[in-house]
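The listed protein sequences correspond, in order, to chains A and B. Here the first sequence is numbered in the working numbering, starting from 613 and rising by one per residue. Here the second sequence is numbered in the working numbering, starting from 613 and rising by one per residue. Cβ atoms here follow ideal geometry from the backbone N, Cα and C, with glycine treated the same way. As the structure is a computational prediction, the values presented were derived from the model and not from experiment.
Number of protein chains: 2
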Amino acid sequence: MRISELVQRSGVPLASIKYYIREGLLMPGETTSATQARYGDEHLRRLRLIRALTDVAGLPLQKVGIVISLIEHPETNLFDTLGKAIAALPPYADPDENDNYPRARAALEKLGQVYDPHYAAVAQLERALAAAESVGLPMSDERLLGYGRHIMGIAEIDIEQVPAETAHDAIEYSVLGTALYEPVIAAMRRLAHQDLAARRFGGAPTTG
Amino acid sequence: MRISELVQRSGVPLASIKYYIREGLLMPGETTSATQARYGDEHLRRLRLIRALTDVAGLPLQKVGIVISLIEHPETNLFDTLGKAIAALPPYADPDENDNYPRARAALEKLGQVYDPHYAAVAQLERALAAAESVGLPMSDERLLGYGRHIMGIAEIDIEQVPAETAHDAIEYSVLGTALYEPVIAAMRRLAHQDLAARRFGGAPTTG
């Protein structure tokens, strides 16, 4: 297809498509003349991926580039690849050179979970717990243990479905399933609050 | 305290503090002379809130202003206030004038949840489900029902702890607890994946 059709079918403006190509996020089309190029389904798929990661998962474009590059060229060690991809997801937290993550480590120990202190999610958990604490909502042990049980249940559902065929498929599923199901979980939690509030306190619209 | 001490104690740069004051996100200090003003603990608290919402929850400053204003001046109807606050959280989704949210409505009906179709989280769930689907990870019924059970369990923990003293406290807890525990849940899920992967597939570092 021509670039005008790519614009129309993807819903992504021409200027953005050209920008993504310049930045290396989208592969160039196949040149057919001095002024024209041809685009295919792989361009459409890539544009959907870029838009899902930016608009819905909230990644800046530079981090989208990291995620795409790790999916396309995973490193030999899958855990290293996944670790780098997770570090490209928000909330962004600078690693502490002494692995000094007191809130996250205490939480993980109370939960009895195995973890690598260098894994980006440890610093991210520390940052998220510190932010909640800073506005007067520190994590209580009761909430931690309750959350931990349910989140492990969600993670089990995710892990059951990791495709086992190729390392590429496993990495792609793991990275995109992590990044793109987080907004789903967030929206579902907001709606679960509404359901509970309507049933317990009344007053909420029940026109669903 | 002087503004230099506010910078030091909050860790927020002077230019950002001045910008927040200009934009109405931070209240001005009490003027003590033509060139000086005095700041108090309420300024420190507000700066922590702004930083938690921007850096960790991922809100743009304009949305932070909406959230702060709703917490400070809640509307008479608490559900309306909460609805407007939730609409200020990512992922941002334009409301559909015909309430046409096919994926979200089908999901909520399968889950048997009460919901108001105008509530921003319905449009947000639609957008999140569409994004996952667009990259080849559509929500299966099995995943939906499993997620739904665990997310309802998390929401029950949240709702148990809503402070009942004043409407202001309830709104503040609901809005900040929604926005700031989402990154906690996201990081905990990433770490639950690591725990499960290490136990099932081996190969993950277990130096926690």
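Within the region 620 to 639 of chain B, no residue has its Cβ closer than 9 Å to any Cβ of chain A.
Looking at the DSSP output, residue 650/B bridges to 642/B. The Cβ of residue 648/A sits no closer than 9 Å to any Cβ of chain B. In the three-state reduction of the DSSP assignment, residue 693/B falls in the helix class, which pools H, G and I. Secondary structure of residue 704/A (DSSP, three-state): coil. Close to residue 788/B, with beta-carbon spacing below 9 Å, are these residues of chain A in chain order: 744, 747, 748, 749. From the listed residues 679/B, 652/B, 811/B, the smallest Cα separation to residue 790/B is found for 679/B. Sequence-distant Cβ neighbours of residue 731/A in its own chain, meaning closer than 6 Å and more than five residues away, are 695.
Contact of residue 794/A with chain B by beta-carbon distance below 7 Å involves 798.
Among the residues facing chain A, residue 725/B is included, as its CB has a counterpart in that chain under 9 Å away.
When rounded, the separation of the alpha-carbon atoms in residue 699/B and residue 733/B is 7 Å. Per DSSP, the continuous alpha helix (DSSP H) segment holding residue 620/A begins and ends at 615 to 622. Per the C-alpha coordinates, the member of 712/A, 630/A, 781/A positioned closest to residue 748/B is 781/A. Residue 750/B carries a coil assignment under DSSP once its states are collapsed to helix, strand and coil. Short of 7 Å from the beta carbon of residue 663/B, and not among the five residues preceding or following it, lie these beta carbons of its own chain, in chain order: 624. Straight through space, the alpha carbons of residue 646/A and residue 795/A are spaced by roughly 43 Å. DSSP places residue 793/A in the helix class (H, G or I) of the three-state scheme. For residue 714/B, the enclosing alpha helix (DSSP H) begins and ends at 714 to 723.
Between residue 670/A and residue 637/A a beta carbon distance of about 16 Å is seen, past the 8 Å cut, so the two are scored as non-contacting. Within the region 757 to 771 of chain A, the residues whose Cβ lies closer than 8 Å to some Cβ of chain B are 758, 759, 760, 761, 762, 763, 764, 765, 766, 767, 768, 769, 770, 771, listed in chain order.
Distances from the CA of residue 786/A to each of 767/B, 797/B, 787/B, 744/B were compared; the closest alpha carbon is that of 744/B. For residue 773/A, there is no enclosing alpha helix (DSSP H), as DSSP marks it with neither H nor E.
Between the C-alpha atoms of residue 715/A and residue 654/B there is a straight-line separation of about 25 Å. Taking a C-beta cut-off of 9 Å against chain A, the contacting residues of the region 647 to 675 of chain B are 657, 660, 661, 663, 664, 665, 667, 668, 669, 670, listed in chain order. Between residue 679/B and chain A, the shortest Cβ-Cβ separation is not below 9 Å. Here residue 814/A is exposed, its C-beta having fewer than 16 other C-beta atoms within 10 Å.
Sorting 616/A, 675/A, 665/A by C-alpha distance to the C-alpha of residue 649/A places 616/A at the top. Residue-level contact by beta carbon fails for residue 682/B and chain A, as no gap is shorter than 9 Å.
Taking all protein chains in view, the Cβ of residue 722/A is surrounded by fewer than 16 other Cβ atoms within 10 Å, so the residue is classified as exposed. Contact between residue 708/B and residue 735/B holds, since their C-beta atoms are separated by about 7 Å, short of 8 Å.
The C-beta of residue 672/A has fewer than 16 other C-beta atoms within 10 Å across all chains shown, which makes the residue exposed.
In the three-state reduction of the DSSP assignment, residue 728/A falls in the coil class, being assigned neither a helical nor a strand state.
Burial check for residue 778/A: the Cβ neighbour count within 10 Å stays below 16, so the residue is exposed. Contact between residue 682/A and residue 693/A holds, since their C-beta atoms are separated by about 5 Å, short of 8 Å.
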